[in-house]
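> One structure coming up, written as structure tokens, with questions to follow.
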Amino acid sequence: MQATNSPLVNTANSLLTGLKIQMGQQWYICGKLALNEGNSPRRPLNASPESLECQLLFKAAILTSGVGADTPLMITIGLPNSTYRLYRETAEQTLRGKHIIQSDPAVYGEDGSGILPIEVAHIDVLPEVVSCMVALRRGESCERGAFFVFSFGFGTLETGLSTDEGVVENAMGSAPGMHYAVNILREQLQQTYDLSFQSIQQLDEAFRNGYIYINRKKIDLQGLRKKAIQTYYAEIVSPALGDVVNDRNLAKSNRIFLCGGGAHYGDLIDCILEEFGDIAGVKIVDQPESLAVKGYLLNSMRYIQDQSKLPVGIDIGNIQTRVALAEN
4 MQATNSPLVN TANSLLTGLK IQMGQQWYIC GKLALNEGNS PRRPLNASPE SLECQLLFKA
64 AILTSGVGAD TPLMITIGLP NSTYRLYRET AEQTLRGKHI IQSDPAVYGE DGSGILPIEV
124 AHIDVLPEVV SCMVALRRGE SCERGAFFVF SFGFGTLETG LSTDEGVVEN AMGSAPGMHY
184 AVNILREQLQ QTYDLSFQSI QQLDEAFRNG YIYINRKKID LQGLRKKAIQ TYYAEIVSPA
244 LGDVVNDRNL AKSNRIFLCG GGAHYGDLID CILEEFGDIA GVKIVDQPES LAVKGYLLNS
304 MRYIQDQSKL PVGIDIGNIQ TRVALAEN
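Quick note: the sequence shown uses this note's numbering, first residue 4, plus one each step.
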């Protein structure tokens, strides 16, 4: 996201790629539009629900969901385990109630005021890894028995152990996420190139792509990315997972589910399999980046008693924000 005073007209082809929202007296661009039009778009990691960044992305998520004006919404969001107790009540108090979302349709070539009144009738907050467990147990796979869940997000790595009786509290934890590896890559590149105008979000895009353009040259990042991930695993991931996958917990389960955007990196999966492949069954879930938001939606559906209210799941991520609605 980034503040802007520029009149952007026909800059994007849809609302999703043309998010420009007013907060107070200031306009902000976010998402794909910020990456395309911003000079150095940024997003603080794991910001408080009271922060402008969190409230802006919350409104952007509701706007892109396509809900009608004044439809009562039953929304579930998530927080890392490290900040869940700290921010849970603040999130509920800040995000519940009536909101006015003002956007600029001219960005994607449409007319109108861009004003959408919404009502958040109920807001529930879950630890992110618990939402992943909910999706695994109540979603398409209907998992039973005990299993570990490791969610590799950009901001945090979330760990947990789920049993048929409930969540094992001593296995719940948070550690630095994939941004740790991205910063290792930044340090390597800065030895040769000037990256002072590159935000961590822009570097993450290059990290995912495996290349970056600097001074009109295409720089292959795959080798540096592999080394960065291996260092991240050795310094952060292995100690965090080792604390959870211990003898005591292995007696409960030897199944591991991997999710979050980091599960797409083959170099990371290779490290996990090398350490745990002989003692546990390791599985990457389908669409790993979307597992948490599915769990948020399934949780919201518990509160629906009639058709007048709409269940919504929102995953306000540090890199990508996702929204889930029920088809029926």
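Ideal placement from N, C-alpha and C gives every residue a C-beta, glycine not left out.
Does DSSP put proline 314 in a helix, in a strand, or in coil?
Numbered from its first residue, the sequence shown carries residue 314 at position 311. In the structure shown, proline 314 sits in a strand (DSSP, three-state: E or B).
> By the three-class DSSP mapping on this structure, what secondary structure does lysine 286 have?
Position 283 of the sequence shown, counted from the start, is the residue given in the question as residue 286. DSSP places lysine 286 in strand when its eight states are reduced to three.
> May I have a chain-ordered list of the beta strand (DSSP E) segments no shorter than 3 residues that lie completely inside the segment 215 to 252?
220 to 223
> Would the segment 150 to 169 and the segment 81 to 89 be scored as touching if the rule is three or more Cβ pairs under 8 Å?
yes
> Go to tyrosine 90, then tell me how far its beta strand (DSSP E) extends in each direction, as first and last residue.
Stepping through the sequence shown from its first residue, residue 90 is reached at position 87. Unbroken run through tyrosine 90 is the alpha helix (DSSP H), 84 to 98; no beta strand (DSSP E).
> In the DSSP assignment, find the alpha helix (DSSP H) that holds threonine 67 and state where it starts and stops.
If you number the sequence shown from 1, residue 67 lands on position 64. Start and end: 55 to 68.
> For glutamate 161, which three-state DSSP category applies?
As a working mapping, residue 161 is identified with position 158 in the sequence shown. Here glutamate 161 sits in strand by DSSP.
> Within its chain, find whatever has a CB closer than 6 Å to the CB of tyrosine 365; leave out the 5 residues flanking it on each side and keep chain order.
As shown, the chain starts at 4 and ends at 331. That puts residue 365 outside it, with no answer to give.
> Which two residues bound the contiguous beta strand (DSSP E) that contains arginine 140?
The sequence position of residue 140 within the sequence shown is 137, counting from 1. No beta strand (DSSP E) holds arginine 140; the alpha helix (DSSP H) holding it covers 131 to 141.
> Rounded to a whole number of angstroms, what is the C-alpha to C-alpha distance between aspartate 270 and glutamine 233?
Position 267 of the sequence shown holds residue 270. Position 230 of the sequence shown holds residue 233. C-alpha of aspartate 270 to C-alpha of glutamine 233: approximately 7 Å in a straight line.
> Please report the residue range of the alpha helix (DSSP H) in which glutamine 28 lies.
In the sequence shown, residue 28 corresponds to position 25, counting from 1. No alpha helix (DSSP H) contains glutamine 28, which DSSP labels as neither H nor E.
> Would you mind stating whether threonine 79 and asparagine 321 have Cβ atoms separated by less than 7 Å?
Residue numbering aside, residue 79 sits at position 76 when the sequence shown is read from its first letter. Residue numbering aside, residue 321 sits at position 318 when the sequence shown is read from its first letter. Their beta carbons are not under 7 Å apart, which means threonine 79 does not touch asparagine 321 by this criterion.
> May I ask you to report which of helix, strand or coil DSSP gives serine 154?
Taking the sequence shown and counting its residues from 1, the one referred to as residue 154 is at position 151. It is a strand residue.
> Assuming contact is defined by CB atoms lying nearer than 7 Å, are alanine 295 and glutamate 131 in contact in what I supplied?
The residue you call residue 295 lines up with position 292 of the sequence shown. The residue you call residue 131 lines up with position 128 of the sequence shown. The beta carbons of alanine 295 and glutamate 131 sit closer together than 7 Å.
> Closer than 8 Å by C-beta to glutamate 53: which residues in its own chain qualify, once you throw out the five before and the five after it? Chain order, please.
For the purposes of this step, residue 53 is taken as residue 50 along the sequence shown, with counting starting at 1. Cβ neighbours of glutamate 53 beyond the five flanking positions: Thr93, Thr97.
> Going by DSSP in three states, methionine 304 sits in which element: helix, strand or coil?
For the purposes of this step, residue 304 is taken as the residue at position 301 of the sequence shown. Correct three-state label for methionine 304: helix.
> State the Cα-Cα distance for the pair tyrosine 90 and cysteine 57, rounded to the nearest angstrom.
Translated into positions along the sequence shown, residue 90 becomes position 87. Translated into positions along the sequence shown, residue 57 becomes position 54. If I take the Cα positions, the gap works out to 12 Å.
> Could you check whether the segment 11 to 18 touches the segment 108 to 120, counting it as contact only if at least three pairs of C-beta atoms, one from each stretch, sit closer than 8 Å?
yes
> Who pairs with arginine 325 in a beta bridge, going by DSSP?
If you number the sequence shown from 1, residue 325 lands on position 322. According to DSSP, which records beta bridges pairwise, arginine 325 is partnered with Asp318.
> Return the bridge partner residues of histidine 182 from the DSSP annotation.
Numbered from its first residue, the sequence shown carries residue 182 at position 179. BP columns for histidine 182 are empty, so no partner.
> Tyrosine 306 to valine 315, Cα distance in whole Å?
Taking the first residue of the sequence shown as position 1, residue 306 is located at position 303. Taking the first residue of the sequence shown as position 1, residue 315 is located at position 312. The alpha-carbon atoms of tyrosine 306 and valine 315 are separated by roughly 11 Å.
> Identify, in the order they occur along the chain, each residue of the same chain with its Cβ nearer than 8 Å to the Cβ of glutamate 292, setting aside the five sequence neighbours on each side.
Your numbering for residue 292 matches position 289 in the sequence shown. Cys262, Gly263, Gly264, Ala266, His267, Gln323, Arg325.
> What is the DSSP secondary structure of valine 12, reduced to helix, strand or coil?
Position 9 of the sequence shown, counted from the first residue, corresponds to residue 12. Coil at valine 12, not helix or strand.
> Could you say which of Asp167, Thr162, Tyr214, Gly213 lies nearest to asparagine 249 if we only look at CA atoms?
For the purposes of this step, residue 249 is taken as residue 246 along the sequence shown, with counting starting at 1. Asparagine 249 has its Cα closest to that of Thr162, out of Asp167, Thr162, Tyr214, Gly213.
> Whether or not the segment 168 to 181 and the segment 194 to 203 are in contact is what I'm after, with contact meaning three or more pairs of Cβ atoms, one per stretch, closer than 8 Å; do they touch?
no
> Report, in whole angstroms, the separation of the C-beta atoms of valine 152 and methionine 136, which I expect to be a contact under 8 Å.
In the sequence shown, the residue the question calls residue 152 occupies position 149. In the sequence shown, the residue the question calls residue 136 occupies position 133. That pair is a contact at about 6 Å.
> Taking 6 Å as the cut-off, does the CB of phenylalanine 260 come closer than this to any heavy atom belonging to the ligand NAP?
This structure simply doesn't include the ligand NAP, nor any ligand for that matter.
> Is the CB-CB distance between lysine 297 and alanine 138 below 7 Å?
On the sequence shown, residue 297 is found 294 positions in, with the first residue counted as 1. On the sequence shown, residue 138 is found 135 positions in, with the first residue counted as 1. Result yes, Cβ atoms of lysine 297 and alanine 138 sit closer than 7 Å.
> Could you compute how far the alpha carbon of cysteine 33 sits from the alpha carbon of leucine 60?
Along the sequence shown, read from residue 1 onward, the residue named residue 33 stands at position 30. Along the sequence shown, read from residue 1 onward, the residue named residue 60 stands at position 57. Rounded to whole angstroms, cysteine 33 to leucine 60 spans 8 Å at the Cα level.
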